[in-house]
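Novice:
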Amino acid sequence: MSSSVHESVHIGSGTQHGEFCVFGENVRIGNSCVIGHHVVVHPGTVVGDDVRIDDHAILGKTPMRSPVIAIPQGENLPALKIASRALVGTGATLYRGSIIGMDCLIADYASVREESTIGEYTIIGRGTVIENRVNVGRRCKVETGVFISAYSTIGDDCFIAPQVSATNDNFLGRTEERKKHFKGITIQNGGRIGANAILLPGLTVETDGVAAAGAVVTRNIPARKIVAGIPAKPLRDVPPEQLLQNQ
37 MSSSVHESVH
47 IGSGTQHGEF
57 CVFGENVRIG
67 NSCVIGHHVV
77 VHPGTVVGDD
87 VRIDDHAILG
97 KTPMRSPVIA
107 IPQGENLPAL
117 KIASRALVGT
127 GATLYRGSII
137 GMDCLIADYA
147 SVREESTIGE
157 YTIIGRGTVI
167 ENRVNVGRRC
177 KVETGVFISA
187 YSTIGDDCFI
197 APQVSATNDN
207 FLGRTEERKK
217 HFKGITIQNG
227 GRIGANAILL
237 PGLTVETDGV
247 AAAGAVVTRN
257 IPARKIVAGI
267 PAKPLRDVPP
277 EQLLQNQ
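Offset between the sequence shown (1-based) and our numbering: plus 36.
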């Protein structure tokens, strides 16, 4: 067997795919796409024009269900949608119910969980995990090895350096009460987070706020302020030339 293509699949003009691919029922793939070897495209997935999908990527995966998962999982999730000119790296996994914007790069081995949205021109780095029900804005850079927990919101033009962790459970998995209080982080437009910083649940990084590398952020970061340390404390103002309005 070379590839398995369901009879209902639509593949646009000029699109090429490699060996041992699987295209499920009612998949729609646009024009001039390049699809590598061993790619799995689950039923209903919609791919725009000029999209590149590298080897072993998995598109439109349905999430597994477990009785011990605390966060409710969506029912009857819509199909994954990937807009035109997106790039999907080797081994990346994109789930049902998510939307990948135009000109995005989802790097090798990254994961975007269900019901999440990635805005136009945004980069999701190698091995990064975007959990379920996360919104990432336009023109963001979420670098290698970042973890963004469920229910988080990231605005436009944000920068998140490698190995940042954003959390959503102040109860560390204990008590039923915690299920009422799950809350991810919010990073407003232009927010920047340094390498290996940790953001605790529910906090907000206001517009142009910055967390220094290695900071443990336990409180909101005011607009145009830099915080640093463990726990993070105000350090100084963001230099005017670095403000989003001056770019």
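Heads up, the beta-carbon is just placed ideally off N, CA and C, and yes, glycines get one too.
If you reduce the DSSP assignment to three classes, tell me which class L239 lands in.
Specialist: Here L239 sits in coil by DSSP.
Novice: With 16 as the cutoff for other CB atoms within 10 Å, does K269 come out buried or exposed?
Specialist: Exposed, by the Cβ-count rule.
Novice: If you draw a straight line from the alpha carbon of V76 to that of E55, how long is it in whole angstroms?
Specialist: 11 Å
Novice: Within 10 angstroms of its Cβ, does T98 collect 16 or more other Cβ (buried), or is it exposed?
Specialist: When all chains shown are included, T98 counts as exposed.
Novice: Taking only the alpha-carbon atoms, compute the straight-line gap between I89 and P114 and give it to the nearest angstrom.
Specialist: 21 Å
Novice: Suppose the cutoff is 8 Å on Cβ atoms and the five residues either side in sequence are ignored; what does the same chain contact list for R175 look like?
Specialist: G155, E156, Y157, T158, D192 and D193
Novice: Give the range of the beta strand (DSSP E) segment to which K269 is assigned.
Specialist: K269 to D273
Novice: Which of the three DSSP states, helix, strand or coil, is assigned to N168?
Specialist: coil
Novice: Run through DSSP, which three-state label would L113 get?
Specialist: coil
Novice: Kindly list the residues whose CB is nearer than 6 Å to the CB of S147, restricted to its own chain and excluding five residues on each side of it in sequence; keep chain order.
Specialist: T129 and V165
Novice: Which residues in the same chain have their Cβ closer than 7 Å to the Cβ of P258, if we skip the five residues on either side of it in sequence?
Specialist: E242 and G245
Novice: Check whether the Cβ atoms of A247 and G220 lie closer than 8 Å to each other.
Specialist: no
Novice: Reducing DSSP to helix, strand and coil, say where L279 ends up.
Specialist: coil
Novice: Would you mind reading off the limits of the beta strand (DSSP E) that contains Y131?
Specialist: T129 to Y131
Novice: Can you give the Cα-Cα distance for V170 and D91, rounded to whole angstroms?
Specialist: 26 Å
Novice: Could you check how far apart the C-beta atoms of A186 and G230 are, in whole angstroms? I think they sit under 8 Å.
Specialist: About 23 Å separates the two Cβ atoms, so there is no contact after all.
Novice: Less than 8 Å between the beta carbons of N67 and S49, yes or no?
Specialist: yes
Novice: Short of 7 Å in beta carbon distance, which residues of its chain neighbour E167, apart from the five on each side in sequence? Order them along the chain.
Specialist: R149, I184, S185 and A186
Novice: Please identify the residue among A93, G80, S40 and P79 whose C-alpha is closest to the C-alpha of V70.
Specialist: A93
Novice: Roughly how many angstroms separate the alpha carbons of G101 and R132, rounded to a whole number?
Specialist: Here the sequence assigns Arg to residue 101, which means Gly is not the residue at that position. Straight-line Cα distance between these residues: approximately 14 Å.
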